[in-house]
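Protein chains in written order, with our numbering: chain V, 1 to 250; chain L, 1 to 250.
Ideal placement from N, C-alpha and C gives every residue a C-beta, glycine not left out.
Since the structure comes first, as structure tokens, the remarks are kept for the end.
Number of protein chains: 2
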Amino acid sequence: MRNALTASLEDYLEAIFQIIEEKQAVRAKDIARRLGVSNPSVTGALRSLAEKELVAYAPYDVISLTPRGKAAARDVVRRHEVLRDFFVNVLAVEESAADEAACRMEHSIPKVILERFIRFAEFVEVCPRGGEKWIRDFGARCGQGATREDCERCIESVLEEVRHRKRRESRKAFPTAKLNELKPGQKGKVLKVNFHEGGGRKISEMGVSPGAVVEIERVSPMGEPIDIKVKGYHLSLRREEAEEVEIETL
Amino acid sequence: MRNALTASLEDYLEAIFQIIEEKQAVRAKDIARRLGVSNPSVTGALRSLAEKELVAYAPYDVISLTPRGKAAARDVVRRHEVLRDFFVNVLAVEESAADEAACRMEHSIPKVILERFIRFAEFVEVCPRGGEKWIRDFGARCGQGATREDCERCIESVLEEVRHRKRRESRKAFPTAKLNELKPGQKGKVLKVNFHEGGGRKISEMGVSPGAVVEIERVSPMGEPIDIKVKGYHLSLRREEAEEVEIETL
DNA sequence: TTATATTTTTAGTCATACCTAACATTTGGG
DNA sequence: CCCAAATGTTAGGTATGACTAAAAATATAA
């Protein structure tokens with residue numbers, strides 16, 4: 001496959017992508033500083049990447065990502081974020097340690113495993129037996145083994161949760177909403193995506209499909225676009241699209 | 001740190017370790033075949049490893065691991081196994097895919113994350129809200145998102161489990177046993193380690209401490225030694241030692 | 001025990017990916 | 001508009017880790 005990127009080149013790609021997001025122009029120096037390498041190393045890497053048509057580059061010229069390069073970079077970033085989120089949200093690892101680990105592991109994780117990490121994190125959030133509280137439980141005592149009391153406390157909390165859910169269900173099935181009605185930071189599970197005019201099709205392909213867990217990241221002042229995260233991807237939706245997505249809030 | 005082993009050298013070390021376990025003598029050819037490299041590459045790697053005093057090696061001589069080399073190899077193997085077990089037991093990944101992924105990721109996983117994987121797998125097994133059934137639930141529908149019915153079924157099963165546990169508890173707290181009374185394949189949680197004559201100390205250091213989950217791998221015909229797995233380590237205990245470990249069976 | 005086959009090593013290449021030192025280009029202040 | 005300072009590139013070196021081809025050592029079979 002032509003896509004035989006080395007770990008090193010992936011790092012360069014990721015750095016370029018992130019610098020573009022932060023400022024406008026990408027300078028070799030910025031890349032060098034971010035990756036902790038010398039300037040000539042950057043030049044060399046840029047040449048390799050240009051050869052593979054992932055960056056547009058000519059000596060002394062501005063640096064930019066080609067469409068293919070941007071896609072490859074996004075893929076690296078996604079791997080990084082999925083790993084980091086899993087470590088933080090599921091394994092209760094401290095933020096900076098999680099980020100560092102993700103940095104090291106992002107190059108070697110196969111697709112199958114990555115998708116499973118995402119699925120599992122969703123499962124934990126969505127399943128009545130999991131949930132945030134459960135993970136916090138894990139976090140609280142991940143230093144030492146569980147004691148008898150922990151177990152009892154745990155059972156109590158499940159019972160309580162189940163009762164709570166039963167009550168909610170008897171009243172009004174699930175609290176549902178349209179995706180565009182959620183506030184930043186809120187999470188929800190996709191129940192249904194109505195698509196009439198070709199638009200719905202696309203967002204399904206990006207991961208917004210029934211069962212998926214979405215998180216609202218940012219809503220622009222005008223209520224559009226709406227930035228969300230789903231399955232490790234960052235998406236930006238028009239209100240028009242968001243209105244067609246039915247959500248069960250978590 | 002002097003322990004700056006490259007991924008490649010770790011692979012060689014691991015291969016040597018495994019070949020030693022399988023047959024008596026390690027030959028360069030076996031290593032080459034297992035790793036899919038040429039013979040001269042093996043010679044080169046052996047020289048590197050000998051320089052670092054991890055293998056005892058001289059041209060045309062027999063190959064063996066030094067104590068430090070054996071420890072390093074065991075560490076690599078442990079990382080591999082912890083990853084593979086996590087992928088299979090928690091993420092419900094298919095055996096061979098899990099193994100392949102572990103092979104690739106074993107070199108880049110930091111210690112913190114590794115220990116968390118172990119802890120989390122234990123947590124899932126031990127916690128009343130997790131358990132094998134829960135993981136099977138995840139495995140069964142990891143292809144698609146959870147449906148309403150899944151959730152309801154899930155709640156039922158928690159309730160049932162909780163009732164079951166309550167009943168057990170009211171009768172007789174927990175079913176306990178000595179470690180030496182368990183059969184191969186059985187798992188349990190360590191409740192207590194009694195140590196009088198210096199022996200108990202050592203096994204605690206190896207990971208057999210309250211809260212840890214142990215699994216019996218093999219019991220020799222004479223009832224001794226008892227091979228167990230705990231926290232990703234493989235240990236071999238004398239009956240004398242196993243008798244001092246109190247277990248809650250799972 | 002000698003001849004052949006197998007295994008292992010040496011020698012020499014190549015590619016990646018880093019480095020330092022020196023040269024080239026661009027940019028901004030006077 | 002010209003000259004430093006900053007930035008970027010080339011040239012040349014090192015280490016790793018793989019390879020092929022050929023030589024050396026060991027093992028095996030007649």
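{"Check": "Using the Cα positions of residue 27 of chain L and residue 188 of chain V, report the straight-line distance between them to the nearest angstrom.", "Outcome": "57 Å"}
{"Check": "When the Cβ atoms of the stretch 95-106 of chain L are set against those of the stretch 72-87 of chain L, are three or more pairs found closer than 8 Å?", "Outcome": "yes"}
{"Check": "Can you tell me which of V:191, V:205, V:160 puts its alpha carbon nearest to the alpha carbon of residue 175 of chain V?", "Outcome": "V:191"}
{"Check": "Give the residues of chain V in contact with residue 110 of chain L, contact being defined as C-beta atoms less than 9 Å apart.", "Outcome": "97, 100, 101, 104, 105"}
{"Check": "Kindly indicate if chain L contains any beta-carbon less than 9 Å away from that of residue 116 of chain V.", "Outcome": "yes"}
{"Check": "Got a sec, what are the start and stop residues for the alpha helix (DSSP H) residue 44 of chain V sits in?", "Outcome": "39-51"}
{"Check": "How many whole angstroms separate the CB atoms of residue 72 of chain L and residue 135 of chain L, which I take to be in contact at a CB cut-off of 8 Å?", "Outcome": "The Cβ separation is near 32 Å, so there is no contact."}
{"Check": "When you compare the CB of residue 113 of chain L with every CB in chain V, is at least one pair closer than 9 Å?", "Outcome": "yes"}
{"Check": "Name the residues in the stretch 65-85 of chain V whose C-beta lies less than 7 Å from a C-beta of chain L; which are they?", "Outcome": "none"}
{"Check": "I need the boundaries of the beta strand (DSSP E) containing residue 107 of chain L, first residue and last residue.", "Outcome": "Counting along the chain, residue 107 of chain L falls outside any beta strand (DSSP E), and DSSP gives it neither H nor E."}
{"Check": "Would you call the stretch 14-31 of chain V and the stretch 47-64 of chain V in contact, with 3 or more CB pairs under 8 Å?", "Outcome": "yes"}
{"Check": "Out of curiosity, what's the CA-to-CA distance linking residue 55 of chain V and residue 157 of chain L?", "Outcome": "53 Å"}
{"Check": "Across the stretch 228-236 of chain V and the stretch 208-218 of chain V, are there enough close Cβ pairs to call them in contact, namely three or more that are closer than 8 Å?", "Outcome": "yes"}
{"Check": "If the criterion is Cβ atoms closer than 9 Å, does the pair residue 178 of chain L and residue 125 of chain L meet it?", "Outcome": "no"}
{"Check": "By DSSP's criteria, residue 234 of chain V is part of a beta bridge. Which residues make up the other side?", "Outcome": "V:229"}
{"Check": "Which same chain residues, not among the five before or five after residue 218 of chain V, have their C-beta less than 8 Å away from its C-beta?", "Outcome": "184, 226, 227"}
{"Check": "Mind checking which residues open and close the beta strand (DSSP E) that includes residue 245 of chain L?", "Outcome": "245-249"}
{"Check": "Do you know offhand how far residue 133 of chain L's Cα is from residue 76 of chain V's?", "Outcome": "34 Å"}
{"Check": "Compare the C-beta of residue 5 of chain L with all C-beta atoms of chain V and state if any pair is closer than 9 Å.", "Outcome": "no"}
{"Check": "Starting from the C-beta of residue 66 of chain V, find all residues in its chain whose C-beta is less than 8 Å away, skip the five residues before and the five after it, and write them out in chain order.", "Outcome": "53, 54, 55, 56"}
{"Check": "If residue 255 of chain L and residue 46 of chain L are in contact, beta carbons under 8 Å, what's the gap, nearest whole angstrom?", "Outcome": "This structure cannot speak to residue 255 of chain L, because chain L is shown only from 1 to 250."}
{"Check": "Hey, is residue 61 of chain L's beta-carbon within less than 9 Å of any beta-carbon in chain V?", "Outcome": "no"}
{"Check": "Checking the sheet assignment: what are the DSSP bridge partners for residue 218 of chain V?", "Outcome": "V:227"}
{"Check": "Determine the chain V residues that contact residue 13 of chain L at a beta-carbon separation under 7 Å, and present them in chain order.", "Outcome": "Neighbours of residue 13 of chain L on chain V: none; closest Cβ ~18 Å, over 7 Å."}
{"Check": "Taking C-beta to C-beta, are residue 223 of chain V and residue 180 of chain V nearer than 9 Å?", "Outcome": "yes"}
{"Check": "If we define contact as Cβ-Cβ less than 9 Å, is residue 91 of chain V a contact residue for chain L?", "Outcome": "yes"}
{"Check": "Measuring only between beta-carbons, confirm whether residue 195 of chain V sits less than 9 Å from chain L.", "Outcome": "no"}
{"Check": "Since residue 17 of chain L contacts residue 74 of chain L with CB under 8 Å, what's their CB separation in whole angstroms?", "Outcome": "7 Å"}
{"Check": "Would the beta-carbon of residue 31 of chain L fall within 9 Å of that of residue 97 of chain V?", "Outcome": "no"}
{"Check": "Using three-state DSSP, classify residue 12 of chain V as helix, strand or coil.", "Outcome": "helix"}
{"Check": "Assign residue 256 of chain L to buried or exposed, taking buried as 16 or more other Cβ atoms, counted over all protein chains shown, within 10 Å of its Cβ.", "Outcome": "Only positions 1 to 250 of chain L appear in the structure, and residue 256 of chain L is not among them; the question remains open."}
{"Check": "Beta-carbon of residue 119 of chain L versus every beta-carbon of chain V: anything under 9 Å?", "Outcome": "yes"}
{"Check": "Note down, in chain order, every chain L residue with its Cβ under 8 Å from the Cβ of residue 218 of chain V.", "Outcome": "Chain L residues near residue 218 of chain V: none, gap ~24 Å exceeds 8 Å."}
{"Check": "Using a Cβ-Cβ distance under 9 Å, would residue 167 of chain V count as near chain L?", "Outcome": "no"}
{"Check": "Excluding the five sequence neighbours on either side, which residues of its own chain have a C-beta within less than 7 Å of the C-beta of residue 118 of chain L, listed in chain order?", "Outcome": "82, 231, 232"}
{"Check": "Applying the 10 Å Cβ sphere with the 16-neighbour rule, what's the burial state of residue 163 of chain L?", "Outcome": "exposed"}
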